[in-house]
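Engineer:
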Amino acid sequence: MSWRHQLPVSSTITAGSLVRAIGPALLGGAGARDILRGDLQRAFGANNVALTDSGTSALVLALRATTRPNGVVALPAYACVDIGAAAIFAQLRVRLYDIDPVTLSPDLASVSRVLGAGVDAIVVAHLYGYPANVPGVAALAAAHGVKVIEDAAQGAWGKLLETRLGAFGPLSVLSFGRGKGMTGGGGGALLGIDAEESEIIEQSIASLRAPKSGVRTLAVTEAQYLLGRPSLYSIPSAIPGLHLGETIYHAAHDPRAISAASASLVRDALARADADLAVRRAHAEELERVVARTTELSAIRAIPGSKAGFLRLPVRIADARAERPALGVVRGYPKTLAELTELQGSLLGDEQLSGSRELARSLVTLPTHALVSERDLSALSVWISGR
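Numbering of the sequence shown is given in numbering that gives the first Met the number 0, commencing with residue 0 and proceeding in unit increments.
#1: Within a Cβ cutoff of 6 Å, which residues of the same chain sit near Ala73, ignoring the five residues on either side of it in sequence?
#2: Given this structure, state the Cα-to-Cα distance separating Ile316 from Val101, to the nearest angstrom.
#3: Is it right to say Tyr232 is buried, meaning 16 or more other beta carbons lie within 10 angstroms of its own, or is it exposed?
#4: What are the residues that DSSP puts in a beta bridge with Lys158?
#5: To the nearest whole angstrom, what separates the beta carbons of Ile21 and Gln223, a pair I think is in contact under 8 Å?
#6: Any idea if Glu149 is buried or exposed, counting beta-carbon neighbours within 10 angstroms, 16 or more meaning buried?
#7: Identify, in the order they occur along the chain, each residue of the same chain with its Cβ nearer than 7 Å to the Cβ of Arg271, setting aside the five sequence neighbours on each side.
#8: Less than 8 Å between CB atoms is the rule here; does Glu195 satisfy it with respect to chain B?
#9: Sort out for me which residues DSSP pairs Asp313 with in a bridge.
#10: Could you give the C-beta distance for Ala155 and Gly308, rounded to a whole number, given that I count them as a contact under 8 Å?
#11: CA-CA distance, Ala141 and Arg163?
#12: For Asn47, write down the residues that DSSP places opposite it in a beta bridge.
#13: Buried or exposed for Asn249, please, with buried defined as at least 16 other CB atoms from any protein chain shown within 10 angstroms of its CB.
#14: Kindly indicate which residue of Val147, Leu159, Ala262 has the alpha-carbon position closest to the one of Gly30.
#15: Check this for me: beta carbons of Pro254 and Arg215, under 8 Å apart or not?
#16: Do Glu403 and Ala274 have their CB atoms nearer than 8 Å?
#17: With a cut-off of 8 Å, do at least 3 Cβ pairs link the region 79 to 93 to the region 56 to 66?
#18: Can you give me the start and stop residues for the alpha helix (DSSP H) that Leu264 sits inside?
#19: Are the CB atoms of Leu269 and Gly327 within a distance shorter than 8 Å?
#20: Tell me which residues share the same chain as Ser384 and place their Cβ nearer than 7 Å to its Cβ, disregarding the 5 neighbours each side in the sequence.
#21: Determine the extent of the beta strand (DSSP E) in which Ser171 is found, giving its start and end residues.
#22: I believe Leu347 touches Arg63 by the beta-carbon criterion, under 8 Å. Please report the beta-carbon distance rounded to the nearest angstrom.
#23: What span of residues does the alpha helix (DSSP H) with Ser197 cover, start to end?
#24: Note down the Cα distance separating Glu338 from Ala359, rounded to an integer number of angstroms.
#25: What three-state label does DSSP hand Val145 in the structure shown?
#26: Can you tell me which of Ala166, Ala14, Ala61 puts its alpha carbon nearest to the alpha carbon of Leu39?
#27: Hey, Val172 and Ala256 are a contact pair by Cβ (cut 8 Å); roughly how many whole angstroms apart?
#28: Leaving aside the five residues before and after Ser230 along the sequence, list all residues of the same chain whose C-beta is less than 8 Å from its C-beta, in chain order.
#29: In the DSSP output, what is Gly186 paired with across the bridge?
#30: Could you name the residues of the same chain whose beta carbon sits closer than 8 Å to that of Arg386, not counting the 5 residues immediately before and after it, in chain order?
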């Protein structure tokens, strides 16, 4: 019996980054946050940055800034449940638009219908590092006077038209939670890409509650560092209360500032982003070559002009094979946001959402991260081939 259990997704954490975060965790202060703000401004070409305790909190701020009270927001039907949680906390009504199951990008015909039905803002989310057509949605939204929020929580350093995911905006959301391309053990950011958004960002910063102590964040991240490896991951994955690998709804809350410890960890992660992307891309491209030789699996096709960040490798299954958690092969989101219980009282419209339902039915993801070994790639190739 093998104890090896691969992680579906993993963000690189080093012993050095944990050591460097001890001082900020104990002393707090604005130093680490101020430095990170500057780093993110340069990395994404942003005019201003608000650092939050999570990507969900950053999205709450963006929604508050772009909608009227009890307004309407358009959301992708196939997406992380945290997007729905942010809309619920912002007390908004929701219209869902469909996602193209071939590309994971918005179905522009569906977007056009939803915009025509009336919304204040639209959220465009990149999934698993695959670029969504933000410019295409923005062009449609501009014709209706609708504001665009780019959700790059899963952007994973990908690019579209040589622009970094998260740099389109005009308001962009980043997440530094566990399993994102860059982790701080928690945290997020709201970017104002252009000068026009600077006041929104300043108002958002002023509204943030004080950060929680970074000591707990650092302790949890250290546990993740120790147990978040294939040789030991079977231990936490066997504990039902941790819900690892499951899609769990968490209600949003009043946004807080990022902890100094998380800010320190994110700075180190940002410095490693190019190297981490190169590893994920190499693993994904090797697995894609195997997928291309099968008829039972279909790889997601990135939209023209894009370079995926490969947070995971999403594929659609045409046969009855099961997921293989021990290999890191798990289902994507098992339900659309149209089926999210907590969102039922907020939904408007009657879009058919056939593409999103197909993704909920057939999509699985394969691991691409730095802890995937040659042995893992061989085992994944066998699973892909159905042998």
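We put the beta carbon where it would ideally sit given N, CA and C, even for glycine.
Structural biologist: Working from what's here:
#1: Sequence index remark: in the sequence shown, residue 73 carries index 74 (1-based). For Ala73, where only same-chain residues beyond five positions count, the Cβ hits under 6 Å are Arg94, Tyr96, Val113, Val118, Ile121.
#2: Within the sequence shown, residue 316 is the residue found at index 317, counting from 1. Within the sequence shown, residue 101 is the residue found at index 102, counting from 1. Whole-angstrom Cα-Cα distance: 12 Å.
#3: On the sequence shown, residue 232 is found 233 positions in, with the first residue counted as 1. Label assigned to Tyr232: buried.
#4: Taking the first residue of the sequence shown as 1, we reach residue 158 at position 159. The partner list for Lys158 (beta bridge, DSSP) reads Arg163, Lys306.
#5: For the purposes of this step, residue 21 is taken as the residue at position 22 of the sequence shown. For the purposes of this step, residue 223 is taken as the residue at position 224 of the sequence shown. So it is not a contact: roughly 16 Å between Cβ atoms.
#6: Position 150 of the sequence shown, counting from 1, holds the residue named residue 149. Glu149 sits buried, since 16 or more C-beta atoms from the chains shown fall within 10 Å of its C-beta.
#7: Counting from 1 along the sequence shown, the entry for residue 271 is found at position 272. In chain order, Thr11 place their CB closer than 7 Å to the CB of Arg271, counting only its own chain and leaving out the 5 sequence neighbours on each side.
#8: In summary, chain B is missing from the structure at hand, where a single protein chain is found.
#9: Within the sequence shown, numbered from 1, the residue matching residue 313 stands at position 314. Checking the sequence, you will find Pro at residue 313 rather than Asp. According to DSSP, which records beta bridges pairwise, Pro313 is partnered with Thr364.
#10: Taking the first residue of the sequence shown as 1, we reach residue 155 at position 156. Taking the first residue of the sequence shown as 1, we reach residue 308 at position 309. That belief holds up - the Cβ atoms of Ala155 and Gly308 are roughly 3 Å apart, short of 8 Å.
#11: Translated into the one-based positions of the sequence shown, residue 141 becomes position 142. Translated into the one-based positions of the sequence shown, residue 163 becomes position 164. Cα-Cα distance, rounded: 21 Å.
#12: Here residue 47 refers to the residue found at position 48 when the sequence shown is read from its first residue. Paired residues: Gly191.
#13: As a first step, residue 249 is located in the sequence shown; it is residue number 250 there, counting from the start. The displayed chain sequence assigns His, not Asn, to residue 249. By the 10 Å Cβ count, His249 comes out exposed.
#14: Looking up residue 30 in the sequence shown gives position 31. The option with the nearest alpha carbon to Gly30 is Ala262.
#15: As a working mapping, residue 254 is identified with position 255 in the sequence shown. As a working mapping, residue 215 is identified with position 216 in the sequence shown. Not in contact: Pro254 and Arg215 (Cβ atoms no closer than 8 Å).
#16: Nothing about residue 403 can be read from this structure; the chain reaches only from 0 to 386.
#17: yes
#18: Here residue 264 refers to the residue found at position 265 of the sequence shown. Per DSSP, the unbroken alpha helix (DSSP H) holding Leu264 starts and ends at 259 to 270.
#19: Here the question's residue 327 lines up with position 328 in the sequence shown. Here the question's residue 269 lines up with position 270 in the sequence shown. Not in contact: Gly327 and Leu269 (Cβ atoms no closer than 8 Å).
#20: Taking the sequence shown and counting its residues from 1, one reaches residue 384 at position 385. Within the same chain, Ser384 has close Cβ partners Val289, Thr293.
#21: Sequence index remark: in the sequence shown, residue 171 carries index 172 (1-based). Per DSSP, Ser171 belongs to the beta strand (DSSP E) from 170 to 174.
#22: Within the sequence shown, the letter at position 348 stands for residue 347. Within the sequence shown, the letter at position 64 stands for residue 63. No, Leu347 and Arg63 are not in contact; Cβ-Cβ is about 19 Å, not under 8 Å.
#23: Against the sequence shown, residue 197 aligns to sequence position 198. From DSSP, the alpha helix (DSSP H) with Ser197 extends over 197 to 206.
#24: By one-based count along the sequence shown, residue 338 stands at place 339. By one-based count along the sequence shown, residue 359 stands at place 360. Rounded to whole angstroms, Glu338 to Ala359 spans 11 Å at the Cα level.
#25: Residue mapping note: residue 145 aligns to position 146 of the sequence shown, counting from 1. Three-state DSSP puts Val145 in coil, outside helix and strand.
#26: Position 40 of the sequence shown holds residue 39. When each option's Cα is compared against that of Leu39, the closest is Ala166.
#27: Within the sequence shown, numbered from 1, the residue matching residue 172 stands at position 173. Within the sequence shown, numbered from 1, the residue matching residue 256 stands at position 257. With a Cβ gap of about 16 Å, Val172 and Ala256 do not count as contacting.
#28: Position 231 of the sequence shown holds residue 230. Answer for Ser230: Trp2, Arg3, listed in chain order.
#29: Numbered from its first residue, the sequence shown carries residue 186 at position 187. Gly186 pairs with Ser53.
#30: As a position in the sequence shown, residue 386 is number 387, starting the count at 1. So no residue of the chain qualifies.
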